[in-house]
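Q: Protein chains in written order, with this note's numbering: chain A, 1 to 353; chain B, 1001 to 1313.
First the structure, which I've put down as structure tokens, then a few questions once you've had a look.
Written out as structure tokens, the structure reads:
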């Protein structure tokens, strides 16, 4: 019984982290019908931003280890990741959907910077490369190279895979491929609750996740932007006709989802402090499974799916074979999709001919 | 008559290449040529399910893995007894028989796995099917990781080297011609009708489930053959070669080339494999820029480099 309760606590804290990541998947799927594979790398990015913020000189000298540090690190990383989410949406996903400019300049700028760095590992070479790339991009656009309008959903999916590859490998280049250790931004205490010994970090993870989810619920259900989000997710074209700036709402959705993923990244790093540029792949995939499990497109479903998945995984590891850990999520996924393809909370869609 | 002439010419040409190419271009480039061939088989077969039948599978690496491990373990554990049953044959002929048995088993087992996965999951559409195939691919990998007899997480080493340029490209030809003939047959028209409009196809009397499963099974069988060829070339298999990223790269090949067209799949397989290998010395920059090029191709030319426009909804 005690082991069970202990495992329950582990499962809930692991599950709430999955739920935070799953929310981003499900919200983006809701508005764009797109599996945003890059989301798992935004989670990684969030953890790294947290790492750099917590290790920055200013934080170290002025704040040290205190609750304020933790809050600042969390909010900072969330803001930076939201920015990344907006950039991804603006320059990778939007060009296929709407008339946009500077997509080519953006990507060629990055490619140019990488090339400059390769030729000569100095700041000047990188900047010159980036400038050259941006110039070429703008010139090509002036000449008349425009994104193909009306991208198919498959093309969008491949773009998502491409962005994911880009972030993983860019991460290896910028952050370094070797694992890093996330600093202890909050001191750990062991709390005795009845017969249980609970690591305070786990409670913090759970608490922060709950607060963020409540906040998200308030945003989605009780604000005007949230209403617009729901409208876009219900029917994008109709929402556009009602005067909603759908592009802005989609960007906002990406920002919100990315911020939550970053929070998930930092919370998981508190529990398992090893971070590396490929750390997002598995948790991201599992969080996606959680989103599907709860019914993709459904926010409550994503939270529920995350909790169930975290619990199932921890229990399976605690009582059975730990080597099958990574398969558990997928077995659950396959079962749920075969039995109830719309997920726990999802609504079935009527097919019109 | 023309058919025989074609195959005879192909075999002679491949034998000649087999005898000379390695000496001509060195072991490194020879290996790239082989990898290109294996990826062509994988891409053309994946194209059958993704491009021609319009079902979105991202678990091809799972069937590739099944084929690789089946053929490798059959030859590794059963090779000696098969050889001792045929002592009167020269070892080259024994090798050929072993390879063919291995590839046949690989195709059969991968095809059966395709059937087992396809029957329940092809009821699902679009993204849901994609995710289930991805899930199956990962389950297969984790299972392999846990079977100690085939190396588990250590990887499977000591696989006899049986495949070479001749066999790989002979099977590349066989794959391309089989898939092409299949597409041109009544089966192919059924596949295409499912891709273009599943409901209309069903209304016209096409047994959509049957054809979807069929195309899935055929696709898996070729993936299995590719796996067998891969294992018997590299002499070492590791579950990490069959991560879902492998499936992603295959999807990238067929989409960059142009979904639905065989030429597109071949061009995509060659381009992606060669690009990734040639720029290997640039380290992570290679994949960063590869990803950027991929995103740009999809933004500016979503129908792929060779292909015509396709429909996916």
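For glycine and all other residues, C-beta sits at the position ideal for the given N, C-alpha and C.
Going by CA-CA distance only, name the one from 1105(B), 1085(B), 1091(B) that's closest to residue 1222(B).
A: Among 1105(B), 1085(B), 1091(B), the Cα nearest to that of residue 1222(B) is on 1105(B).
Q: What distance in whole Å lies between the Cβ atoms of residue 346(A) and residue 301(A), which are believed to be in contact at a cut-off of 8 Å?
A: With 8 Å as the limit, residue 301(A) and residue 346(A) qualify as a contact, their Cβ atoms being about 6 Å apart.
Q: Helix or strand or just coil, what does DSSP make of residue 274(A)?
A: Three-state result, residue 274(A): strand.
Q: Could you tell me the distance, in whole angstroms, from the CA atom of residue 297(A) to the CA atom of residue 313(A)?
A: Each residue's Cα considered, the two are about 23 Å apart.
Q: Cβ closer than 7 Å: which chain B residues qualify as neighbours of residue 114(A)?
A: Within 7 Å Cβ-Cβ: 1285, 1288, 1289.
Q: Exposed or buried, which one is residue 1(A) when buried takes at least 16 other CB atoms within 10 Å?
A: Classification of residue 1(A): exposed, given that the 10 Å Cβ count is below 16.
Q: Just the C-alpha distance for residue 258(A) and residue 47(A), rounded to the nearest angstrom, thanks.
A: So the alpha carbons of these two residues sit roughly 12 Å apart.
Q: Do residue 1254(B) and residue 1265(B) have their C-beta atoms within less than 7 Å of each other?
A: Yes, these two residues count as a Cβ contact at 7 Å.
Q: Could you give the distance in angstroms between the alpha-carbon of residue 336(A) and the alpha-carbon of residue 50(A)?
A: Approximately 35 Å, taken between the alpha carbons.
Q: Do the CB positions of residue 19(A) and residue 306(A) come within less than 7 Å of each other?
A: Closer than 7 Å, so yes.
Q: Taking only beta-carbon atoms, is residue 338(A) less than 7 Å away from chain B?
A: Residue 338(A) counts as touching chain B.
Q: Any beta-carbon of chain A closer than 7 Å to the one on residue 1127(B)?
A: Cβ-Cβ to chain A under 7 Å: yes for residue 1127(B).
Q: Of the residues 30(A), 284(A), 159(A), 168(A), which one's Cα is nearest the Cα of residue 178(A)?
A: Residue 178(A) has its Cα closest to that of 168(A), out of 30(A), 284(A), 159(A), 168(A).
Q: When burial is assigned at 16 or more other CB atoms within 10 Å of the CB, is residue 1015(B) buried or exposed?
A: By the 10 Å Cβ count, residue 1015(B) comes out exposed.
Q: With residue 200(A) and residue 191(A) assumed to form a contact (beta carbons below 8 Å), what rounded beta-carbon distance in angstroms separates them?
A: 6 Å between Cβ atoms; contact.
Q: Is the CB of residue 1299(B) under 7 Å away from at least one CB in chain A?
A: So, interface residue.
Q: Mind listing the chain B neighbours of residue 178(A)? Cutoff is C-beta to C-beta under 9 Å, in chain order.
A: Under the 9 Å cutoff, chain B gives no residues; its nearest Cβ is about 13 Å from residue 178(A).
Q: Under 8 Å Cβ-Cβ, which residues of chain B neighbour residue 105(A)?
A: Per Cβ cutoff of 8 Å: no residues; residue 105(A) is ~11 Å from chain B at best.
Q: Got a sec: which bits of the region 166 to 192 of chain A sit with their beta carbon under 7 Å from any beta carbon on chain B, in order along the chain?
A: Within the region 166 to 192 of chain A, the qualifying residues are 166, 169, 170, 172, 173.
Q: Exposed or buried, what is residue 1159(B) when buried is set at 16 or more other beta-carbons lying within 10 Å of its beta-carbon?
A: Buried: at least 16 other Cβ atoms inside 10 Å.
Q: Could you say if the region 120 to 137 of chain A and the region 8 to 25 of chain A meet the contact criterion of at least three C-beta pairs nearer than 8 Å?
A: With a cut-off of 8 Å, the region 8 to 25 of chain A and the region 120 to 137 of chain A do not count as touching, because too few Cβ pairs lie within range.
Q: Fully enclosed by the region 116 to 200 of chain A, which beta strand (DSSP E) runs are 3 residues long or longer?
A: You should have 190 to 193, 196 to 199.
Q: Pull the bridge partners of residue 1316(B) from the DSSP assignment, please.
A: This structure leaves residue 1316(B) out entirely; chain B is present only between 1001 and 1313.
Q: Alpha carbon to alpha carbon, how far is residue 38(A) from residue 281(A)?
A: Cα-Cα distance, rounded: 9 Å.
Q: Since residue 1128(B) is in the alpha helix (DSSP H), which residue starts that stretch and which ends it?
A: From DSSP, the alpha helix (DSSP H) with residue 1128(B) extends over 1126 to 1145.
Q: The ligand ADP and residue 11(A): does the residue's C-beta get closer than 6 Å to at least one heavy atom of that ligand?
A: With respect to the ligand ADP, the structure offers nothing, as it holds no ligand at all.
Q: When the cut-off is 7 Å and only beta carbons count, does residue 1239(B) lie next to chain A?
A: Closer than 7 Å: no.
Q: On a CA-only basis, which of 182(A), 139(A), 324(A) is nearest residue 272(A)? Give me that one, please.
A: Closest by alpha carbon: 182(A).
Q: Ordered along the chain, which non-local residues of its own chain (more than five positions away) have a Cβ less than 7 Å from that of residue 1066(B)?
A: Same-chain partners within the cutoff: 1109, 1110, 1113, 1140, 1224, 1227.
Q: Under 7 Å, Cβ to Cβ, is there at least one residue of chain A near residue 1059(B)?
A: No, its Cβ sits nowhere closer than 7 Å to a Cβ of chain A.
Q: Looking at chain A, is there any beta carbon in it that lies within less than 7 Å of the beta carbon of residue 1277(B)?
A: Not an interface residue.
Q: Mark residue 330(A) as exposed unless 16 or more other C-beta atoms lie within 10 angstroms of its C-beta, in which case mark it buried.
A: Flag for residue 330(A) reads buried.
Q: In chain order, what residues of the same chain lie with their CB nearer than 8 Å to the CB of residue 164(A), ignoring the 5 residues before and after it?
A: Cβ within range, chain order: 37, 38, 40, 41.
Q: For residue 1055(B), which three-state DSSP category applies?
A: Three-state result, residue 1055(B): coil.
Q: Count the C-beta pairs between the region 1266 to 1273 of chain B and the region 1087 to 1106 of chain B that are closer than 8 Å, then say yes if the count reaches three, no if not.
A: Result no; under three Cβ-Cβ pairs closer than 8 Å.
Q: Which residue's Cα is closest to the Cα of residue 249(A): 90(A), 324(A), 72(A), 79(A)?
A: Out of 90(A), 324(A), 72(A), 79(A), 90(A) has the C-alpha closest to the C-alpha of residue 249(A).
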